[in-house]
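**Student:** Structure incoming, see below.
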Amino acid sequence: MEMQFRSVPKEVYDVMDLNEKFNYLWNPDSTSSLIGLGSSYVLEFFEFYGERIGDYYDEFIQDPVLKDERFPVFVDQEKRHAAAHRKLNNFITKGIASPAREKYHPRVYDFMYGAYKQFAEPVIAGIEKDKAAGKKYEGEHFKEAVRSVAIFESEVCMTGFAFFDNLFDNGRFEAVLNMSSNLGVLYLLAYHYAEEMEHCCVSIEAFETIYEEQLWTKKLIDKHINNSDLLSQQVILSTLHVARMLGQDISIQQITESLAFQYRIQAGKKYITEGFNAREPEILARREYLVNRWDNEWEPKLLEKIKSKINAGSH
Ligand SMILES: [Fe+2]
Ligand SMILES: [Fe+2]
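If you want the numbering used here, it's the position in the sequence shown, counting the first as 1, plus 1191.
Right, dumping it as structure tokens:
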């Protein structure tokens, strides 16, 4: 699958209405709407983390046999995603919470500070320590970092499946378009998940090439898929914060029982089995099918509807 750099048209932000009448109900289901917005912060946070790990990847891996030339392309897609989410994220937190620059991360919101301390800081500080001791990709912290990126990417890929299955495929697209009260947010997430499905095998294969071992072992599946995965816990926390910022009261149970959440867990359990690398024929075919339909059918229709809403002044 060839990776592409898609750009988010200006109209997407115009219709999002970040000035006056922002309607958070981009999804017909209100809890799933809040989860999508919570995810917007988690994705931005991890994309900056991935960018930093991408810099170490460039620096540490010189051997052309080990170096995957797709890795920097994947990281560039992630940089663009973070930039695309930023306007929406800044808008929701405006006047309530602003992100701070931390030693190893340029934009950490207060409600992501725990994730920073628990997850990003020890890994990056460890890489720096290993580097000072002359270690490169063989250092344990860099290995842990590449593993964490690959786990995250696998989980985001499952979110992509869940997103498109639930909202676009199976004849649902037209109905969802009519029921969505914010086509800009719907577009932003769909564009993002399409690119996630496009690149989700890259970091898994990069890990397996460097370390000559499987990423998704039985042990890792037990830890992340059968229990609460890396992504879920952060998504729950940031969804709670986003809900509060938008004046909505929501319980953890509502989040975990929601359609969006359940679809994603099911996709993970179904597809992430031992040795998963996102290139199994069934999974690759599914990824290609969804990305192609987004590019050739859903994206043009959604953009057309956004433009007509803007022209009619009814957004
Ligand atoms: Fe991304
Ligand atoms: Fe990604």
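Where a beta carbon is used, it is the ideal one built from N, C-alpha and C, also for glycine.
For ligand 1, is there any heavy atom lying closer than 7 Å to the beta carbon of L1234?
**Tutor:** Answer for L1234: yes, Cβ within range of ligand 1.
**Student:** Using a Cβ-based criterion (distance less than 7 Å to any ligand heavy atom), does H1383 qualify as near ligand 1?
**Tutor:** Yes, Cβ of H1383 sits closer than 7 Å to a heavy atom of ligand 1.
**Student:** Quick check: the Cα distance between K1258 and S1372, rounded to an integer number of angstroms?
**Tutor:** Cα-Cα distance, rounded: 44 Å.
**Student:** Look at the Cβ atom of I1401, then the Cβ atom of V1337, and state whether they are nearer than 8 Å.
**Tutor:** Yes.
**Student:** Return yes when the C-beta of E1389 is under 7 Å from any heavy atom of ligand 1, and no when it is not.
**Tutor:** Checking every heavy atom of ligand 1 against the Cβ of E1389, none is found closer than 7 Å.
**Student:** Is the beta carbon of H1383 sitting closer than 8 Å to the one on F1265?
**Tutor:** Not a contact, by the Cβ cut-off of 8 Å.
**Student:** Using beta-carbon positions only, say whether V1482 and G1229 come within less than 8 Å of one another.
**Tutor:** No; because the gap between Cβ atoms is not below 8 Å, this pair is not in contact.
**Student:** Does the distance from the CB of I1226 to the CB of I1446 come in under 8 Å?
**Tutor:** For I1226 and I1446, yes; Cβs fall inside 8 Å.
**Student:** For Y1232, does the count of other Cβ atoms within 10 angstroms reach 16, so buried, or fall short, so exposed?
**Tutor:** Classification of Y1232: buried, given that the 10 Å Cβ count is 16 or more.
**Student:** Quick one: give me the first and last residue of the alpha helix (DSSP H) that R1298 is part of.
**Tutor:** Counting along the chain, R1298 falls outside any alpha helix (DSSP H), though it belongs to the beta strand (DSSP E) covering H1296 to V1299.
**Student:** What span of residues does the beta strand (DSSP E) with E1293 cover, start to end?
**Tutor:** Looking at the DSSP string, the run of the beta strand (DSSP E) that includes E1293 is A1291 to E1293.
**Student:** Taking just the CA atoms, how far does H1432 sit from A1288?
**Tutor:** Going by the C-alpha atoms only, they are around 10 Å apart.
**Student:** Taking just the CA atoms, how far does A1469 sit from K1345?
**Tutor:** Checking the displayed sequence, the identity of residue 1345 turns out to be Ser instead of Lys. Distance between the alpha carbons of S1345 and A1469 is about 8 Å.
**Student:** If V1203 sits next to Y1378, beta carbons under 8 Å apart, how far is it from one beta carbon to the other, in whole angstroms?
**Tutor:** Confirmed, about 5 Å.
**Student:** Using a threshold of 8 Å, state whether the C-beta atoms of L1406 and A1311 are closer than that.
**Tutor:** Cβ distance not < 8 Å, so L1406 and A1311 don't count as in contact.
**Student:** Starting from A1316, trace the alpha helix (DSSP H) both ways and give me its first and last residue.
**Tutor:** Segment E1312 to A1323, the alpha helix (DSSP H) holding A1316.
**Student:** Starting from the C-beta of A1458, find all residues in its chain whose C-beta is less than 6 Å away, skip the five residues before and the five after it, and write them out in chain order.
**Tutor:** Hits under 6 Å: M1349, F1352 and A1353.
**Student:** Looking at H1415 and ligand 1, is the gap between the Cβ and the nearest heavy atom below 7 Å?
**Tutor:** Checking the Cβ of H1415 against ligand 1 gives no.
**Student:** Do you know whose CA, among N1502, P1491, E1471 and R1484, lies nearest N1361's CA?
**Tutor:** It is R1484 whose Cα lies nearest to the Cα of N1361.
**Student:** Any heavy atom of ligand 1 closer than 7 Å to the beta-carbon of E1238?
**Tutor:** Yes, Cβ of E1238 sits closer than 7 Å to a heavy atom of ligand 1.
**Student:** Within 10 angstroms of its Cβ, does Y1480 collect 16 or more other Cβ (buried), or is it exposed?
**Tutor:** Y1480 is exposed by the Cβ-count criterion.
**Student:** According to DSSP, is N1369 part of a helix, a strand, or is it coil?
**Tutor:** Three-state result, N1369: helix.
**Student:** Listed by chain order, which residues have C-beta atoms less than 5 Å from any heavy atom of ligand 1?
**Tutor:** Listed along the chain, these residues meet the criterion: E1269 and H1272.
**Student:** Quick check: the Cα distance between L1374 and A1306, rounded to an integer number of angstroms?
**Tutor:** Cα to Cα, the separation comes out at about 30 Å.
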